[in-house]
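98 is the number that numbering that gives the first Met the number 0 gives to position 99 of the sequence shown; each next residue is one higher, with no gaps.
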Amino acid sequence: MSKILNYAAAGFTACAATCLPTRAALAAWELNMPVGVTELSRDIHGLHMLVFWICVIIAVAVFGMMIYSIVKFRHSQGAVPAKFDHSTKAEVVWTIIPVAILVGMAIPAAETLIRIEDTRNSELTIKVTGYQWKWQYDYLDQKVSFFSTLARDSDAARQLHSGIDPNTVEHYLLNVDKPLVVPVDTKVRVLLTSGDVIHAWWVPPFGMKKDAIPGFVNELWFKASETGVFRGQCAELCGRDHAFMPVVVEVKSKEDYAAWLKTQQGSGVENAPAQAAQVNEAATPVVAKAE
Numbered sequence: 000m001s002k003i004l005n006y007a008a009a010g011f012t013a014c015a016a017t018c019l020p021t022r023a024a025l026a027a028w029e030l031n032m033p034v035g036v037t038e039l040s041r042d043i044h045g046l047h048m049l050v051f052w053i054c055v056i057i058a059v060a061v062f063g064m065m066i067y068s069i070v071k072f073r074h075s076q077g078a079v080p081a082k083f084d085h086s087t088k089a090e091v092v093w094t095i096i097p098v099a100i101l102v103g104m105a106i107p108a109a110e111t112l113i114r115i116e117d118t119r120n121s122e123l124t125i126k127v128t129g130y131q132w133k134w135q136y137d138y139l140d141q142k143v144s145f146f147s148t149l150a151r152d153s154d155a156a157r158q159l160h161s162g163i164d165p166n167t168v169e170h171y172l173l174n175v176d177k178p179l180v181v182p183v184d185t186k187v188r189v190l191l192t193s194g195d196v197i198h199a200w201w202v203p204p205f206g207m208k209k210d211a212i213p214g215f216v217n218e219l220w221f222k223a224s225e226t227g228v229f230r231g232q233c234a235e236l237c238g239r240d241h242a243f244m245p246v247v248v249e250v251k252s253k254e255d256y257a258a259w260l261k262t263q264q265g266s267g268v269e270n271a272p273a274q275a276a277q278v279n280e281a282a283t284p285v286v287a288k289a290e
């Protein structure tokens, strides 16, 4: 009998070890929306938390009243059904209160939505064009243009029968050969379009995602308050290699960005349009402002 119990305990332990997440998985598991590193991401997070706590207060009030009523007025305590079928005052109250709550949430939500679309007073404008399966970045006023594609080590590891363990590749499928480089504390306006199918440019730490649509220009903006490397992906299913076109943005100090820009301009990195013609034989569609 003791052996059976030992085997059962060992089996339960093995099953629990298999089913429960690892320490690394728990460390990366976040239940809440991340704050992000841009003005908009913090505004969106603040709006999210405001609505969340309003919902918590409503839930506590409603379920608290329900539980109290169930316990206090249960049949075993001699409670009898109420003898009424209409109350104009109650109907007015439970109509006005929800409307007031919705209006109270709509005002800050509308303010945040307006800020998301406000690209005025931008200090840097970059045109981003999606291709199957890479990104083209054009610094419109700096005469710098280049493609950003999946890093070679990730591309090699993803090949069938490559023999390369993806766990040994740093930032597997989330690294590129040439990241988008921007200065810190600078309002960057991004013009998004596509040369073939619909893509989506998404960087979670920026709190921004928008579609790149052939023939149209969508806009978004961000202002990063921290230096560092921030990673995202194409978030619109765009074909066979959709999973292999990451977005990487490197935020540099203004001095380092100026030095990087001078290097890029000095090296004559302006051959991206010619490469685009090779990537997509069809003519690039006429770009119009999206309504």
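Ideal Cβ positions, reconstructed from N, Cα and C, are used throughout, including at glycine. Owing to the predicted nature of the structure, the values given are computational and were not obtained by experimental measurement.
Bounds of the alpha helix (DSSP H) holding Lys88 are 87 to 116.
The DSSP-derived three-state label of Gln232 is strand. Between the C-alpha atoms of Ile106 and Phe83 there is a straight-line separation of about 38 Å. CA-CA distance, Gln131 to Thr37, rounds to 28 Å. DSSP, reduced to helix, strand and coil, places Ala81 outside both helices and strands of the structure shown, so it counts as coil. Contact between Thr128 and Thr192 holds: CB atoms are separated by about 5 Å, below the 8 Å threshold. Per the coordinates, the alpha-carbon of Trp134 lies some 31 Å from the alpha-carbon of His47. Scanning Met64, Val143, Ile113 for the CA closest to the CA of Val180 turns up Val143. As DSSP reads the structure, His198 sits in a beta bridge with Ala211. Under the 8 Å Cβ criterion, the region 174 to 190 counts as touching the region 244 to 262, having at least three qualifying pairs.
DSSP places Asp184 outside both helix and strand once states are collapsed to three, so it counts as coil. Contact annotation: Gln232 and Val248 have beta-carbon atoms that are not nearer than 9 Å. Taking the Cα of Arg239 as reference, the smallest distance to any Cα among Glu225, Val196, Trp93 is reached at Val196.
If you draw a straight line from the Cα of Phe229 to the Cα of Thr262, it is about 22 Å long. Cα atoms of Ile53 and Trp93: separation of roughly 16 Å, rounded to the nearest angstrom. Judged by DSSP in its simplified three-state form, Thr124 adopts strand. DSSP places Leu159 outside both helix and strand once states are collapsed to three, so it counts as coil. Of the residues assessed, Ala81 falls on the exposed side of the cut-off, its CB having fewer than 16 other CB atoms within 10 angstroms.
When the five nearest sequence neighbours on each side are left out, the beta carbons in the same chain lying within less than 8 Å of the beta carbon of Ile57 are those of Ile100, in order along the chain. The three-state reading of DSSP puts Glu249 in strand, counting E and B together. Counted as a single uninterrupted DSSP element, the stretch harbouring Ser266 is not any beta strand (DSSP E), since DSSP gives it neither H nor E. Rounded to the nearest whole angstrom, the CA to CA distance from Met32 to Lys88 is 40 Å.
Closest by C-alpha distance to Glu235, out of Ala108, Ile212, Glu90, Lys71, is Ile212. The beta carbons of Gly206 and Leu30 sit no closer together than 9 Å.
In the three-state DSSP reduction, Asp164 falls in the coil class, being neither helix nor strand. Within the same chain, Cβ atoms closer than 7 Å to the Cβ of Thr226 are found at Val183, Val250, Lys251, Ser252, the five residues on either side in sequence being excluded.
Shown here, Thr262 sits in a helix according to DSSP, grouped into three states. Only residues of its own chain outside the window of five on either side were considered, and among them Ser153, Ala156, Pro165 have a CB closer than 7 Å to the CB of Tyr171, listed in chain order. Your pair Leu190 and Val216 checks out as a contact, with CB atoms roughly 5 Å apart and the cut at 8 Å. Looking at the DSSP output, Lys133 bridges to Tyr130.
Bounds of the alpha helix (DSSP H) holding Phe62 are 38 to 71.
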